[in-house]
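Novice: At position 227 of the sequence shown (counting the first as 1) the number is 227 in my numbering, and the numbers step up by one without a gap. Dropping the structure in here first, questions after.
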Amino acid sequence: MNILAMDSSAKSASAAYLKDGMLAGQFYINSGLTHSTTLMPMTENLLNIAGLSLDDIDFFAVSCGPGSFTGLRIGIAAVKGMALAENKPCVAVSTLEAIAYGFVKTDRLICSLIDARCKRFFCAFFRCTADGDVKRLTDDKALGYEEIADIINRDYSGENVIFAGDGAEAAYSLMKDITDNVDVAPLHICFQQSVGVAMAAEKYIKLGKAVGSQQLVPIYLSLPQAQRELQKKQGNK
1 MNILAMDSSA KSASAAYLKD GMLAGQFYIN SGLTHSTTLM PMTENLLNIA GLSLDDIDFF
61 AVSCGPGSFT GLRIGIAAVK GMALAENKPC VAVSTLEAIA YGFVKTDRLI CSLIDARCKR
121 FFCAFFRCTA DGDVKRLTDD KALGYEEIAD IINRDYSGEN VIFAGDGAEA AYSLMKDITD
181 NVDVAPLHIC FQQSVGVAMA AEKYIKLGKA VGSQQLVPIY LSLPQAQREL QKKQGNK
């Protein structure tokens, strides 16, 4: 089974190729360039080097959010276009769940975090087991850092919680003095990567959760900041 996965949910962008459960290749870049400039060239080069064409891909997977509004739309549009052209099924993956898949077989408690600005984070908790499973413990939510700290202190007191995702460092700075036993993941597995999207997608495929390209939609969890500010101003009138 060949899975082509993409992630453009944050500042970094990546494309990965999973073959029968094995990572066969991944391109990753965090250069500050727009995803519309980098994502498709990376994907094309990955396929060329692997000696593949789009026709060889069985499933297309993409991180559908939460994350950057623009970034998510770019990744989803790219996957929609390829899957539609090839008439192949797609898999929508939570960005937060994909982050947790970076810790497969580590027997760790992971708090996936994406910076949502204003000391808020898109957040979910996962337990990675030694046998390779990734168990979701909470739904994806948009929370303030104090709310996340309360969850850790109430539900996971005494456990070592690993922060991962592009919000990990900011969250750690805000919560290190008000929570017990929190750490930031190592740099090479901390951020969003498409290999996590591919691994999560493989699990969903086995559960029969692949969909048609028309069913891929972004998962935002909250309105853009500009809209929130507008609503706030309108409410004060």
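Beta carbons: idealized from backbone N, C-alpha and C, even for Gly.
Under 9 angstroms, do Cys128 and Ile114 count as touching if we go by C-beta distance?
Specialist: No, the Cβ-Cβ distance between Cys128 and Ile114 is not below 9 angstroms.
Novice: Going by the DSSP bridge assignment, what does Phe121 pair with across the sheet?
Specialist: Answer is Asp115 and Leu143.
Novice: Would you please state the rounded distance, in angstroms, between the beta carbons of Cys90 and Leu216? I believe it to be under 8 angstroms.
Specialist: Right, their Cβ atoms sit about 5 angstroms apart.
Novice: Skipping 5 residues on each side, what residues in its chain have a beta carbon closer than 6 angstroms to that of Ala15?
Specialist: Met6, Phe27, Met42, Thr43, Leu46 and Ser194, listed in sequence order.
Novice: Hey, Ala200 and Ala98: beta-carbon distance below 9 angstroms or not?
Specialist: Yes, Cβ-Cβ distance for Ala200 and Ala98 is below 9 angstroms.
Novice: Along the chain, where does the alpha helix (DSSP H) that runs through Gly32 open and close?
Specialist: Careful: Gly32 lies outside any alpha helix (DSSP H) and carries neither H nor E.
Novice: For Lys119 versus Leu174, is the C-beta distance shorter than 9 angstroms?
Specialist: Closer than 9 angstroms, so yes.
Novice: The alpha helix (DSSP H) that contains Ala210, what's its start and end?
Specialist: Run containing Ala210: none; DSSP gives neither H nor E here.
Novice: Can you tell me whether DSSP reads Leu4 as helix, strand or coil?
Specialist: Looking at Leu4 - three-state DSSP - the assignment turns out to be strand.
Novice: Within 10 Å of its beta-carbon, does Lys105 have 16 or more other beta-carbons around it, so buried, or fewer, so exposed?
Specialist: Flag for Lys105 reads exposed.
Novice: Can you tell me which of the three DSSP states Phe59 falls into?
Specialist: In this structure, Phe59 counts as strand in the three-state DSSP scheme.
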